[in-house]
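**Q** Per the working numbering, residue 461 is the first one in the sequence shown, and the count goes up by one each step.
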Amino acid sequence: MEHGGRDKVLLLQNPNLQPFMNLAVEGFLLENLAPYSHALYLWQNDDTVVVGRNQNTYAEVNPDFKGYVTRRLSGGGAVYHDVGNLNFTFVSERCEYSVENNNKIILSALRNLGFNAELSGRNDVTVEGKKISGQAFCLRANACYHHGTILINSDVERMRSALSPSKLKLQSKGVASVVARVGNLKDWDPDVNVDKVKVALAEAFKEFYADCTVDEQVVDLTDGRIVAEAERISSKDWIWGKNPKAKCSIEKRFDWGTVQADIEIHGDSVTRLEIWTDSMNTDWVSTIKHKMLSTPVSQWNRLEVEGVEERSFIQVIVGILRHPEDVVRRIS
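1) Does the Cβ-Cβ distance between A499 and L489 come in under 8 Å?
2) Quick check on DSSP: helix, strand or coil for L493?
3) Between Q677 and L477, is the Cβ-Cβ spacing less than 8 Å?
4) Pull up the distance between the alpha-carbon of T517 and that of D542, whole angstroms please.
5) Alpha carbon to alpha carbon, how far is Q720 from E667? Give it in angstroms, no decimals.
6) With H, G and I counted as helix, E and B as strand and the rest as coil, what does DSSP make of K526?
7) Kindly indicate which residue of S534, A569 and S739 has the alpha-carbon position closest to the one of K656.
8) Classify P523: buried if its beta carbon has 16 or more other beta carbons within 10 angstroms, exposed otherwise.
9) So what does H726 bridge to, in DSSP terms?
10) Residues in the same chain with beta-carbon distance under 7 Å from K646, minus the five sequence neighbours each way, listed in chain order, please.
11) In the DSSP assignment, find the alpha helix (DSSP H) that holds W698 and state where it starts and stops.
12) Roughly how many angstroms separate the alpha carbons of R571 and V587, rounded to a whole number?
13) DSSP three-state call for A601: helix, strand or coil?
14) Give me whichever residues DSSP pairs with G608 in a beta bridge.
15) Quick check: does the Cβ of N572 come within less than 7 Å of any heavy atom belonging to the ligand MN?
16) Who pairs with D584 in a beta bridge, going by DSSP?
17) Who does K646 pair with in a DSSP beta bridge?
18) DSSP has A499 in a bridge; who is on the other side?
19) Can you tell which of Y501, N482 and W760 has the C-alpha that lies nearest to the C-alpha of K658?
20) With D743 as the anchor, note down where its alpha helix (DSSP H) starts and where it stops.
21) Pick out whichever of D697, L733, T742 and Y528 has its Cα sitting closest to the Cα of L599.
22) Curious, which full-length alpha helix (DSSP H) runs of at least 4 residues does the region 639-693 contain?
23) What do you get for A688, buried or exposed, if any count of 16 or more other CB atoms within 10 angstroms of its CB means buried?
24) Using 8 Å as the cut-off, can you tell me whether the region 600-607 makes contact with the region 545-556, which would need three or more C-beta pairs spanning the two stretches below that distance?
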C-alpha cells in the first residue's frame, strides 16, 4: 500500500483504564511523536463520558451519572466508554496525516474478523446500518491525531443513561434515542471480544506499514510529562468550564455539527459569550468569539467571516433574532 513517511512507526498499547491518564497519552504523542512518522495507540476507559473540546459538559452528561467525566482535545460529540469498548488513536506527522489511510486500516481489521463494516456520514463506521464506531480529530502544527471508538460488548443501556444528547441532533438523524443508533460487534458475532479486535487492528496496522520498522511498546504511565498532562485535564475548569445563566440561548443543527450559544448583552456590548459545539473543526470557536466580543452587537451582521462554521453561526444569530438591534432592546 502507498504511504509516505520515514521507516519507523509505533504500535502503543495501554492496560490502564483510568481516562485522565489515557487521554494524557494522546496529548503526549501529539507533542512527542518523533522519531516516528505514525503511531497507533490502543486503549480503554472504564465507565467514562468524554465530551468534545468545545461542548457544554452540563448539557451533554446526565446529572445522575456517577462515573468518570472528562474532556478531550478533539471536536465532535460526547461519547461513552466502558471495558466493552476499544479506543484507537492514530497519530501522524502533519505532512503524513491521512484519515483515509487510517480508515483503510480500521475497515481491513473489521472485515478480517468477518464484519461487513462501512464508512457512514461524516465520522461513523457502521455494520448493517448500526453505528459501531465514531471518530474525531485534533490537528496541530506538527502532528495530528484521528481517534475513535469500537463498540464490542459495551453496556448500551448504561450509555443511554449517561448521555443527555441534544434533541436537535437526534431529530436530524431521524431516531428516537441514542440506543436506536448503535450496535455492538457482539450482536453479529457472539465470540468476538476486545482482545480479538486489538489483535486485528494491530495486524492491519503492521500490514499497512509492512515496509516500515514497527516498534511495539506499552505506555509508561510513570513518565512525568504524561502525569502532568493527566493532572491538567482532570481539573474541574478543563472538564466543566462555566455554565452561565445567559439571557439569550440559541441551539441550531447544521450538516457539520450542532451549535449552542449562551449570550449576555448590556447595551450594545456583549458581556459574556459561551459557544459549545460538536463540530470537528474546533478553531473557529475562539475566532468567532473574539470577533463578536470585540464588535458592537448592532454591527454583528456586518462581521467579515471566512469559515463555513463562522458564517453559519452569524447567520443563525442574526436570523433567529431578526436583527442585532432587536436583541439589545429585548434583553437589555
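Positions of the beta carbon are idealized from the N, C-alpha and C atoms, including for glycine. None of the values given here were measured: they were computed from a predicted structure.
**A** Answer, in terms of the structure:
1) As a first step, residue 499 must be located in the sequence shown, where it is residue number 39. As a first step, residue 489 must be located in the sequence shown, where it is residue number 29. For A499 and L489, yes; Cβs fall inside 8 Å.
2) For the purposes of this step, residue 493 is identified with residue 33 of the sequence shown, where counting begins at 1. Residue state, collapsed to three classes: coil.
3) Numbered from its first residue, the sequence shown carries residue 677 at position 217. Numbered from its first residue, the sequence shown carries residue 477 at position 17. Pairing Q677 with L477 gives a Cβ-Cβ distance that is not under 8 Å.
4) Residue mapping note: residue 517 aligns to position 57 of the sequence shown, counting from 1. Residue mapping note: residue 542 aligns to position 82 of the sequence shown, counting from 1. Cα to Cα, T517 sits roughly 19 Å from D542.
5) Locating residue 667 in the sequence shown gives position 207, where the first residue counts as 1. Locating residue 720 in the sequence shown gives position 260, where the first residue counts as 1. In a straight line, the C-alpha of E667 is about 43 Å away from that of Q720.
6) For the purposes of this step, residue 526 is taken as residue 66 along the sequence shown, with counting starting at 1. Of the three classes helix, strand and coil, the one that applies to K526 here is coil, per DSSP.
7) If you number the sequence shown from 1, residue 656 lands on position 196. Selected option, being the one with the closest Cα: A569.
8) Along the sequence shown, read from residue 1 onward, the residue named residue 523 stands at position 63. So P523 ends up on the exposed side.
9) Here the question's residue 726 lines up with position 266 in the sequence shown. DSSP output for H726 lists S729 as bridge partner(s).
10) The residue given as residue 646 occupies position 186 in the sequence shown. Hits under 7 Å: I612, N613 and V652.
11) Here the question's residue 698 lines up with position 238 in the sequence shown. Annotation for W698: the continuous alpha helix (DSSP H) segment containing it runs K696 to W700.
12) Taking the sequence shown and counting its residues from 1, one reaches residue 571 at position 111. Taking the sequence shown and counting its residues from 1, one reaches residue 587 at position 127. Going by the C-alpha atoms only, they are around 10 Å apart.
13) Taking the sequence shown and counting its residues from 1, the one referred to as residue 601 is at position 141. DSSP places A601 outside both helix and strand once states are collapsed to three, so it counts as coil.
14) Here the question's residue 608 lines up with position 148 in the sequence shown. Per DSSP, F548 and Q595.
15) Of the ligands one can find in the structure shown there are none, so the ligand MN has no counterpart to examine.
16) Translated into positions along the sequence shown, residue 584 becomes position 124. Answer by DSSP bridge pairing, in chain order: S580 and G594.
17) As a working mapping, residue 646 is identified with position 186 in the sequence shown. Looking at the DSSP assignment, K646 forms no beta bridge with any residue, so it has no partner.
18) Translated into the one-based positions of the sequence shown, residue 499 becomes position 39. Paired residue(s): L470 and V551.
19) Within the sequence shown, the letter at position 198 stands for residue 658. In terms of Cα proximity to K658, the closest of Y501, N482 and W760 is Y501.
20) Residue 743 sits at position 283 when you count from the first residue of the sequence shown. Annotation for D743: the continuous alpha helix (DSSP H) segment containing it runs D743 to L753.
21) The sequence position of residue 599 within the sequence shown is 139, counting from 1. Taking only the C-alpha atoms, the option nearest L599 is T742.
22) 654-668 and 684-693
23) In the sequence shown, residue 688 corresponds to position 228, counting from 1. Exposed, by the Cβ-count rule.
24) Per the Cβ contact rule, the region 600-607 is in contact with the region 545-556 (3 or more Cβ pairs under 8 Å).
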